[in-house]
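Engineer:
Protein chains: 2
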Amino acid sequence: MQKETATPSFLPLYEQIKQLILRALSDGEWQPGAAIPSEIELARRYQVSQGTLRKALDELVMDNILVRRQGKGTFVATHTDDGTTYRFLRLMSLGGEQEYPHSEFIEFSRGKADAQIAKRLGLPPGSALAILRRVLKFSGEPVVYDDIRLPAALLKGISIALIEEHVNAHKGTLYSLYETQYQIRILSAHERIRATLANEFVAPLLGVQIGAPLLAIERVALTYQNQPVEWRMSYVNTERHYYFDELN
Amino acid sequence: MQKETATPSFLPLYEQIKQLILRALSDGEWQPGAAIPSEIELARRYQVSQGTLRKALDELVMDNILVRRQGKGTFVATHTDDGTTYRFLRLMSLGGEQEYPHSEFIEFSRGKADAQIAKRLGLPPGSALAILRRVLKFSGEPVVYDDIRLPAALLKGISIALIEEHVNAHKGTLYSLYETQYQIRILSAHERIRATLANEFVAPLLGVQIGAPLLAIERVALTYQNQPVEWRMSYVNTERHYYFDELN
DNA sequence: AAGTGGTCTAGACCACGTA
DNA sequence: ACGTGGTCTAGACCACTTG
């Protein structure tokens, strides 16, 4: 007899605690980069043993939502931290070295969501979007063209100058910009990858011939409760770079 | 002051236990699909508490090396199990449905490792390889061309008839064949993805024009101790399918 | 009813970072 | 010296599967 998995007959305590902590994080009780209370304090607050609390934290750490530092405390994960700035960057040079890109912004504008983007972002078609176009250069060479779109309401008062200042002067990523300026924390993303040919628009931006093969990567980035907040389409010239993935 | 991470000053007990269990698995003490001893028995065997043993098992389960089934026991993971047969398949149809491919084998032969493949497999250049070429069809349409290579010594007495029997009559994958017939357990893999153009060899096999865009996916599959045992290059027609990846 | 994995607790002690 | 996370233990009890 197969058991229905619809309603789990029983919800472990640590899972409930995890949800409570997630809610507190989502409500902004603890800011990105800041320390949350110690395990002992949290255990007292939620009236559970330290072991049970630890198990809740374990899961949040596995999800890259929290970061533990032995001897110091547990912190809200950031996109501005040392090694995590390019957490979502899956491109490496053919030699295998990880390089970090330089952004050149081409355009910032506003537009409306077409059917596909609306569906991906869980919005009604025609919703107002902020549109951002840029080229990523690796070692000075253009490799990626990005077309990035977010619900316009999320990015009040944004300008291309502000973006460039943050990303280039500040050595930040778009995700650290969202986080520090707009209280949007990107927690995960999924990508759909296809092969395509460079058209007359993207070819000159990437310095390739029309008809050159490119990766077309459609990404949706998610925040708390897996809510989609950013859509982007990237075109990647893989003459000198590859996309890597680990399977297990 | 930054601490050198070279030699961890201290190895947790559960980590040592994990290594011992890994060794037992690698030595074939417990076969794929079979139950390993209960937690209580293993705790007794390794002279640790059940909690510590559990933590070791937790990690092996996270690595997809073991599978827990409440009330029944802990089992060695398989490629022949129900939902895990296509664990490494990252292709979905554009509509989003997961489809399972049908293999058509084109060729089985022997050859020598060139510099790149030798490097990827950790072999001396010129080593003897088994070579396998096939096309994967989804809903009857050819979508993937695979060029697959393994150290010849691993696949003693293999034949194309045997492969086809296993994969098609038996509804198995190559990885389940390796596992059941040759005692090679694939545990993980990594892939490098680039965009390319269909050449005169692959185009007719995939039913596309020469010059059509394709994904070129180079995969190395690993067994215990992250030892590489299989190399493959896949060419994927993404007109009706995409490669998906989850980032977090 | 018996056996397995899963949860939860309370407490001791260790390793690490800071002051 | 102190506070933080990390490890380990022993034991009670719960949930699931099988006979």
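In order, the protein sequence lines correspond to chains A and U. For the first sequence, this note's numbering gives the first residue as 1222, with consecutive numbering after it. For the second sequence, this note's numbering gives the first residue as 1222, with consecutive numbering after it. By construction, the Cβ of each residue, glycine as well, lies at the ideal position given by its N, Cα and C atoms.
Rounded to whole angstroms, what is the Cα-Cα separation between residue 1392 of chain A and residue 1365 of chain A?
Structural biologist: The alpha-carbon atoms of residue 1392 of chain A and residue 1365 of chain A are separated by roughly 18 Å.
Engineer: What residues from chain U crowd round residue 1414 of chain A, counting only those whose CB sits closer than 8 Å?
Structural biologist: By Cβ distance, chain U contributes 1414, 1436, 1459, 1463, 1464, 1465 and 1466.
Engineer: Does any C-beta atom of chain A lie closer than 8 Å to the C-beta of residue 1424 of chain U?
Structural biologist: No, residue 1424 of chain U lies away from the interface with chain A (no Cβ there is under 8 Å from its Cβ).
Engineer: Rank A:1388, A:1270 and A:1242 by C-alpha distance to the C-alpha of residue 1286 of chain A and give the top, closest one.
Structural biologist: Ranking the options by Cα distance to residue 1286 of chain A, first place goes to A:1242.
Engineer: Tell me the rounded alpha-carbon separation between residue 1347 of chain A and residue 1335 of chain A.
Structural biologist: Their backbone Cα atoms lie some 6 Å apart in a straight line.
Engineer: Quick check: the region 1448 to 1466 of chain A against the region 1447 to 1458 of chain U, are at least 3 beta-carbon pairs closer than 8 Å?
Structural biologist: No, because fewer than three Cβ pairs between the region 1447 to 1458 of chain U and the region 1448 to 1466 of chain A fall closer than 8 Å, the two stretches do not touch.
Engineer: Taking the beta strand (DSSP E) that residue 1288 of chain U belongs to, which residues open and close that run?
Structural biologist: Segment 1287 to 1290, the beta strand (DSSP E) holding residue 1288 of chain U.
Engineer: Considering residue 1417 of chain U, what are the terminal residues of the beta strand (DSSP E) in which it resides?
Structural biologist: Residues 1409 to 1418.
Engineer: Use the C-beta contact count for residue 1422 of chain U: other C-beta atoms within 10 angstroms, 16 or more gives buried, fewer gives exposed.
Structural biologist: When all chains shown are included, residue 1422 of chain U counts as exposed.
Engineer: Any contact between the region 1234 to 1254 of chain A and the region 1278 to 1297 of chain A? By contact I mean 3 or more CB pairs, one from each, below 8 Å.
Structural biologist: Short answer: they touch.
Engineer: Using the C-alpha atoms, what's the distance from residue 1318 of chain A back to residue 1437 of chain A?
Structural biologist: Residue 1437 of chain A and residue 1318 of chain A: Cα-Cα distance of roughly 22 Å.
Engineer: Would you mind listing the alpha helix (DSSP H) stretches within the region 1251 to 1300 of chain U that are 4+ residues and don't spill past its ends, in chain order?
Structural biologist: List check, alpha helix (DSSP H) in window: 1260 to 1267 and 1271 to 1283.
Engineer: Quick one: does residue 1441 of chain A have its CB under 8 Å from some CB of chain U?
Structural biologist: No, its Cβ sits nowhere closer than 8 Å to a Cβ of chain U.
Engineer: Of the choices U:1377, U:1330, U:1350 and U:1359, whose alpha-carbon is the least far from that of residue 1322 of chain U?
Structural biologist: The option with the nearest alpha carbon to residue 1322 of chain U is U:1359.
Engineer: With 8 Å as the threshold, decide whether the Cβ of residue 1411 of chain U is near any Cβ in chain A.
Structural biologist: Output row for residue 1411 of chain U: interface = yes.
Engineer: Can you list, in chain order, the residues of the region 1269 to 1287 of chain A whose Cβ is nearer than 7 Å to any Cβ on chain U?
Structural biologist: So the close ones are 1284 and 1285.
Engineer: Report yes or no: is there a C-beta of chain U within less than 8 Å of the C-beta of residue 1418 of chain A?
Structural biologist: Yes, residue 1418 of chain A lies at the interface with chain U (some Cβ there is under 8 Å from its Cβ).
Engineer: Is the CB of residue 1469 of chain U under 8 Å away from at least one CB in chain A?
Structural biologist: Judged by the 8 Å Cβ criterion, residue 1469 of chain U is in contact with chain A.
Engineer: Taking the beta strand (DSSP E) that residue 1468 of chain U belongs to, which residues open and close that run?
Structural biologist: It spans 1462 to 1468 - the beta strand (DSSP E) in which residue 1468 of chain U sits, taken as one unbroken run.
Engineer: With a threshold of 8 Å between beta-carbons, can residue 1246 of chain A be considered close to chain U, or not?
Structural biologist: Taking Cβ atoms only, chain U never reaches closer than 8 Å to residue 1246 of chain A, which makes this a no.
Engineer: Which of helix, strand or coil does DSSP assign to residue 1320 of chain A?
Structural biologist: If DSSP states are grouped into helix, strand and coil, residue 1320 of chain A belongs with coil.
Engineer: At least one CB of chain A closer than 8 Å to the CB of residue 1427 of chain U: is that the case?
Structural biologist: No, because no Cβ of chain A sits closer than 8 Å to the Cβ of residue 1427 of chain U.
Engineer: Near residue 1301 of chain U, which residues of its chain fall below 8 Å by C-beta distance, leaving aside the five closest residues on each side in sequence?
Structural biologist: Closer than 8 Å at Cβ, skipping near neighbours: 1253, 1254, 1393, 1397, 1400 and 1401.
Engineer: Quick check: residue 1445 of chain A and residue 1395 of chain A, are their CB atoms within less than 8 Å of each other?
Structural biologist: No, they are not a contact pair.
Engineer: At 8 Å on the CB atoms, spell out the chain U contacts of residue 1357 of chain A, in chain order.
Structural biologist: Within 8 Å Cβ-Cβ: nothing; residue 1357 of chain A doesn't reach chain U, min ~16 Å.
Engineer: Any idea if residue 1303 of chain U is buried or exposed, counting beta-carbon neighbours within 10 angstroms, 16 or more meaning buried?
Structural biologist: Exposed, since its Cβ has fewer than 16 Cβ neighbours within 10 Å.
Engineer: Can you tell me the Cβ-Cβ gap for residue 1294 of chain A and residue 1256 of chain A, rounded? I've got them flagged as a contact below 8 Å.
Structural biologist: Their Cβ separation, rounded to whole angstroms, is 4 Å, which keeps residue 1294 of chain A and residue 1256 of chain A in contact under 8 Å.
Engineer: Using CA coordinates, which residue listed in U:1238, U:1273 and U:1314 is at the minimum distance from residue 1413 of chain A?
Structural biologist: Minimum Cα distance to residue 1413 of chain A is reached at U:1314.
Engineer: Rounded to the nearest angstrom, what separates residue 1377 of chain U and residue 1370 of chain U at their Cα positions?
Structural biologist: Computed Cα separation, rounded: 14 Å.
Engineer: Let's test the definition: count the other Cβ atoms within 10 Å of the Cβ of residue 1357 of chain A and tell me whether it reaches 16, buried, or not, exposed.
Structural biologist: With 16 or more other Cβ atoms within 10 Å, it is buried.
Engineer: According to the neighbour-count rule (16 or more other Cβ atoms, all chains shown, within 10 Å of its Cβ), is residue 1330 of chain A buried or exposed?
Structural biologist: Exposed, because fewer than 16 other Cβ atoms sit within 10 Å of the Cβ of residue 1330 of chain A.
Engineer: So the candidates are U:1332, U:1460 and U:1467; which of them puts its Cα closest to the Cα of residue 1316 of chain U?
Structural biologist: The residue with the shortest Cα to Cα distance from residue 1316 of chain U is U:1460.
Engineer: Per DSSP, residue 1350 of chain U is paired with what?
Structural biologist: In the DSSP output, where bridge partners are listed per residue, residue 1350 of chain U has U:1332 and U:1372.
Engineer: Please name the residue in U:1440, U:1462, U:1468 and U:1238 whose C-alpha comes closest to that of residue 1342 of chain U.
Structural biologist: Of the listed residues, the one whose Cα sits closest to residue 1342 of chain U is U:1440.
Engineer: Output the boundary residues of the alpha helix (DSSP H) element that contains residue 1397 of chain U.
Structural biologist: First-last of the alpha helix (DSSP H) with residue 1397 of chain U: 1395 to 1403.
Engineer: Between residue 1329 of chain A and chain U, is there a C-beta pair that is closer than 8 Å?
Structural biologist: No, because no Cβ of chain U sits closer than 8 Å to the Cβ of residue 1329 of chain A.
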